[in-house]
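Going by UniProt numbering, the letters in the sequence shown line up with residues 1 to 76, in that order. Each residue gets a CB set at the ideal place from its N, CA and C atoms; glycine is no exception. Note that the structure is a prediction, hence the values are computed from the model and not measured. Below: one structure, written as structure tokens.
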Amino acid sequence: MKINAREFSNSEITVTYDPCICKHADNCAKQLSNVFRDSVIPWIDINGASSAQIIKQVNKCPTGALKYYLNKKEVA
Ligand code: SF4
């Protein structure tokens, strides 16, 4: 089990962040600053861009500190 992992969810996806392996290269903050924000808590605004844009940016994280998964849809 990972320690210090963080999770941020919207209705479609959940982004996880592991500060222990982040290299702070700031790729995410420079390229999608509406979501990955410097000096704001919480630093990920999961509603700052579309899920597709967030997934695209998460896939560019060089260390794997950012990951995502699709949320399960609830059956009515
Ligand atoms: S892109 Fe990944 S490694 Fe770089 S600052 Fe963002 S979370 Fe950290």
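Checklist entry - Taking I21 as the reference, which of C61, E7, D38 has the closest Cα? => result C61
Checklist entry - Which same chain residues, not among the five before or five after K67, have their C-beta less than 6 Å away from its C-beta? => result T16
Item to check | DSSP state of I55 mapped onto helix, strand, coil | outcome: helix
Item to check | Inter-residue spacing [alpha-carbon to alpha-carbon] between N10 and Y69 | outcome: 11 Å
Item to check | Residues of its chain near I3, where Cβ-Cβ distance is below 6 Å and the 5 sequence neighbours each way are ignored | outcome: Residue confidence is low: I3 scores 48 on pLDDT, short of 50, so the model does not pin down where it sits. No coordinate-derived value is stated.
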